[in-house]
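All letters in the sequence shown, in the order written, are residues 695 to 797 by my numbering. What follows is one structure encoded as structure tokens, with my remarks underneath.
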Amino acid sequence: MSADDIIHQSIRLRIMAILNTLERREALEFTQLKAMIETTDGNLGAHIDTLARAGYVDVEKLFVGRRPQTRVKATTIGRRAFRGHIAFLRKIIDQAEATQRRK
């Protein structure tokens with residue numbers, strides 16, 4: 695088990711953590727995600743593009759009325775990758791705690 699280099703970056707990890715709290719088919723609007731992560735449009739967009747190229751998120755662009763709206767959701771592959779990365783992090787924590795208990 696190893697780190698997922700795509701998810702490991704802190705903003706992408708936060709994106710995936712937020713999206714994984716949603717129901718499987720549920721998407722989050724870009725501006726909501728931006729507010730939760732507290733980053734810029736460009737920075738968030740670049741990280742979403744990286745996740746989308748890896749197949750970890752789906753990006754849907756539509757119009758609501760006359761206004762553009764971008765929605766993002768985690769894919770099945772992305773959810774699996776996130777669970778694997780979290781398991782990797784838990785293993786590190788468990789090993790560190792076991793080392794501390796032996797002291």
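C-beta: ideal position from N, C-alpha, C; glycine also.
Where Lys755 is concerned, there is no enclosing alpha helix (DSSP H), although the beta strand (DSSP E) around it starts and stops at 751-758. Straight-line measurement puts the Cα of Asn714 at about 17 Å from the Cα of Arg784. Taking 3 residues as the minimum length, the beta strand (DSSP E) runs contained wholly in the stretch 709-785 are 751-758, 761-768, in order along the chain.
Ser696 carries a coil assignment under DSSP once its states are collapsed to helix, strand and coil. The beta-carbon separation of Thr744 and Ile700, rounded to 6 Å, stays under the 8 Å limit for a contact. Around the C-beta of His702, fewer than 16 other C-beta atoms lie within 10 Å, and the residue is accordingly described as exposed.
The Cβ atoms of Lys767 and Val751 lie closer than 8 Å to each other.
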